[in-house]
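As structure tokens, the structure follows; a few thoughts come after it.
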Ligand SMILES: *[C@@H]1O[C@H](CO)[C@@H](O)[C@H](O)[C@H]1NC(C)=O
Ligand SMILES: *[C@@H]1O[C@H](CO)[C@@H](O)[C@H](O)[C@H]1NC(C)=O
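Numbering (mature numbering (1 follows the signal peptide of the UniProt record, and there is no 0)), first residue to last: -16 to -1, 1 to 193.
Put into structure tokens, the structure is as follows:
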């Protein structure tokens, strides 16, 4: 019984440790003797891999995972989204994110609660920050300053960071560009520099007129 429990524990605690390598065109990943290689060249234009399919493929001992045609999220950046309600601080008791863990008991919060411990893409697991974690300080500050609304693109970035934090945080560069879940994270926060240029342009135009 002990042995079975131990085996189940070991099986569940195994996370893929991704390395970038050049694979055949159209392949997302290759599992070779327990090493997981993700295609250095990414997927052909218009196709993607997905980190969710990588994880189930990895669990099921797949050999080659192929790219798929997937719809990329099209975002209407002019639409604004109501902010979430702040759930209260959810800070780790002893350190800041990202924190490696072996189980959720390693993810103790200051308030005495625990958060999940989930696989990253570097062979280790990480504590999953809730919306009240310092990871999302930028989101709450933006909401405070903008009457509790964010542009759609801004919301999408933080929502994806919240959902895929564990995968994203240590994803090697090949994974960052290959997986559909990382499209908005890879693009980064909407560039406020653009607004500065636009408002600067308006200022100069109004000064000249
Ligand atoms: C994957 O391989 C491991 C070790 O060889 C084995 O214990 C497990 O049952 C396999 N899983 C599946 C879904 O085939
Ligand atoms: C997880 O387990 C490993 C192996 O037992 C240990 O070396 C490591 O310190 C543990 N990590 C944490 C965060 O407790």
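Note that CB positions come from ideal geometry on N, CA and C, so glycine has one too. Note that the structure is predicted; figures quoted are calculated from it, not measured.
Item: So, residue 54 versus residue 38, is the Cβ gap smaller than 8 Å?; Value: no
Item: Looking at the structure shown, is residue 25 part of a helix, part of a strand, or coil, going by DSSP?; Value: coil
Item: From what residue to what residue does the beta strand (DSSP E) around residue 134 run?; Value: 133 to 135
Item: By a C-beta neighbour count over all protein chains shown, 10 Å radius and 16 as the cutoff for buried, is residue -1 buried or exposed?; Value: buried
Item: Would you call the CB atoms of residue 82 and residue 99 closer than 8 Å?; Value: no
Item: So, helix, strand or coil for residue 111, using DSSP?; Value: strand
Item: Given a threshold of 16 other Cβ atoms within 10 Å of its Cβ, counted over all protein chains shown, does residue 70 qualify as buried or as exposed?; Value: exposed
Item: Any heavy atom of ligand 2 closer than 7 Å to the Cβ of residue 85?; Value: yes
Item: Rounding to the nearest angstrom, what Cα-Cα distance links residue 30 and residue 109 in this structure?; Value: 31 Å
Item: Leaving aside the five residues before and after residue 117 along the sequence, list all residues of the same chain whose C-beta is less than 7 Å from its C-beta, in chain order.; Value: 74, 75, 81
Item: Could you work out which residue in 115, 149, 134, 170 is closest to residue 157 when comparing CA atoms only?; Value: 170
Item: How about residue 27 and residue 18: are their beta carbons less than 8 Å apart?; Value: no
Item: For residue 63, which residues of its own chain have a beta-carbon under 7 Å away from its beta-carbon, when the five flanking residues on both sides are left out?; Value: 136
Item: Going by the C-beta, is residue 90 closer than 7 Å to any heavy atom of ligand 2?; Value: yes
Item: In the DSSP assignment, the beta strand (DSSP E) including residue 121 goes from what residue to what residue?; Value: Unbroken run through residue 121 is the alpha helix (DSSP H), 121 to 129; no beta strand (DSSP E).
Item: Report yes if the C-beta distance between residue 12 and residue 22 is below 8 Å; otherwise report no.; Value: yes
Item: In the DSSP assignment, find the alpha helix (DSSP H) that holds residue 167 and state where it starts and stops.; Value: 167 to 171
Item: Would you say residue 35 reaches chain B, if we count a Cβ-Cβ gap shorter than 8 Å as a contact?; Value: Any reference to chain B falls outside this structure, which holds one protein chain only.
Item: Is the beta carbon of residue 102 less than 8 Å from the beta carbon of residue 159?; Value: no
Item: Looking only at its chain, what residues have a beta carbon closer than 6 Å to the beta carbon of residue 2, apart from the 5 residues adjacent to it on each side?; Value: 20, 22, 105, 156, 159
Item: I need the DSSP call for residue 39, collapsed to helix, strand or coil.; Value: helix
Item: Expressed to the nearest angstrom, what Euclidean distance is found between the alpha-carbon atoms of residue 46 and residue 165?; Value: 20 Å
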